[in-house]
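Here the structure is laid out as structure tokens; the discussion comes afterwards.
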Amino acid sequence: MNGDAAEPAPVWERPWSLDEIRKGSQSWSLASDAGLLHFLQEFSQQTISRTHEIKKQVDGLINETKATDCRLHNVFNDFLMLSNTQFIENLVLQKSAKRAGCERCCEPSLEYMMKKWKSLFPKLMLETKQSR
Numbered sequence: 004m005n006g007d008a009a010e011p012a013p014v015w016e017r018p019w020s021l022d023e024i025r026k027g028s029q030s031w032s033l034a035s036d037a038g039l040l041h042f043l044q045e046f047s048q049q050t051i052s053r054t055h056e057i058k059k060q061v062d063g064l065i066n067e068t069k070a071t072d073c074r075l076h077n078v079f080n081d082f083l084m085l086s087n088t089q090f091i092e093n094l095v096l097q098k099s100a101k102r103a104g105c106e107r108c109c110e111p112s113l114e115y116m117m118k119k120w121k122s123l124f125p126k127l128m129l130e131t132k133q134s135r
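Quick note, our numbering runs 3 ahead of the 1-based positions in the sequence shown.
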């Protein structure tokens with residue numbers, strides 16, 4: 004009574020345990036209601052606290068999942084860019100090969116055109132000199 008902390012609180016001022024609730028169910032009183040109320044409030048608070056902890060963990064998982072999704076899309080984009088680069092390189096190589104093949108097949112006709120051009124060019128020069 005002199006402020007000792009060892010004195011137990013009255014039953015209506017503390018939350019009851021499940022055993023106390025079971026035992027007190029035979030002779031229920033206003034003190035039992037108060038003990039049950041404190042028990043339910045404490046249980047509710049613990050549930051809310053645990054829910055907040057789980058929410059934080061789920062939010063962390065969501066952030067990790069979004070980051071993983073972003074990294075995965077980056078890898079897809081890298082593969083697409085590599086594929087596009089290889090496609091362009093292959094296209095350039097094919098066109099180069101075709102040009103080389105075309106030059107070989109068109110070489111005689113190109114030589115013929117150049118001879119014809121050279122044969123016409125001096126004539127034009129002669130004609131212009133004569134017209135003066």
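The beta carbon of each residue, even a glycine, is placed where N, CA and C say it ideally should be.
Owing to the predicted nature of the structure, the values given are computational and were not obtained by experimental measurement.
Cβ contact check for the segment 39-52 and the segment 12-25: 3 or more pairs under 8 Å: yes
Between the C-alpha atoms of VAL61 and PHE79, what's the straight-line distance to the nearest angstrom? In the sequence shown, the residue the question calls residue 61 occupies position 58. In the sequence shown, the residue the question calls residue 79 occupies position 76. Whole-angstrom Cα-Cα distance: 26 Å.
What residue from PRO13, SER35, ALA12, GLU10 has the CA that sits closest to ASP22's CA? As a first step, residue 22 is located in the sequence shown; it is residue number 19 there, counting from the start. Considering only alpha carbons, the answer is SER35.
May I ask you to report which of helix, strand or coil DSSP gives VAL95? Translated into the one-based positions of the sequence shown, residue 95 becomes position 92. It is helical.
Range covered by the alpha helix (DSSP H) that runs through GLU23: For the purposes of this step, residue 23 is identified with residue 20 of the sequence shown, where counting begins at 1. From DSSP, the alpha helix (DSSP H) with GLU23 extends over 21-27.
Would you say LEU75 touches the ligand MN, meaning its beta carbon is less than 6 Å from a heavy atom? Absence of the ligand MN is noted for the structure shown, with no ligands found whatsoever.
Can you give the Cα-Cα distance for LYS59 and ARG74, rounded to whole angstroms? As a first step, residue 59 must be located in the sequence shown, where it is residue number 56. As a first step, residue 74 must be located in the sequence shown, where it is residue number 71. Cα to Cα, LYS59 sits roughly 23 Å from ARG74.
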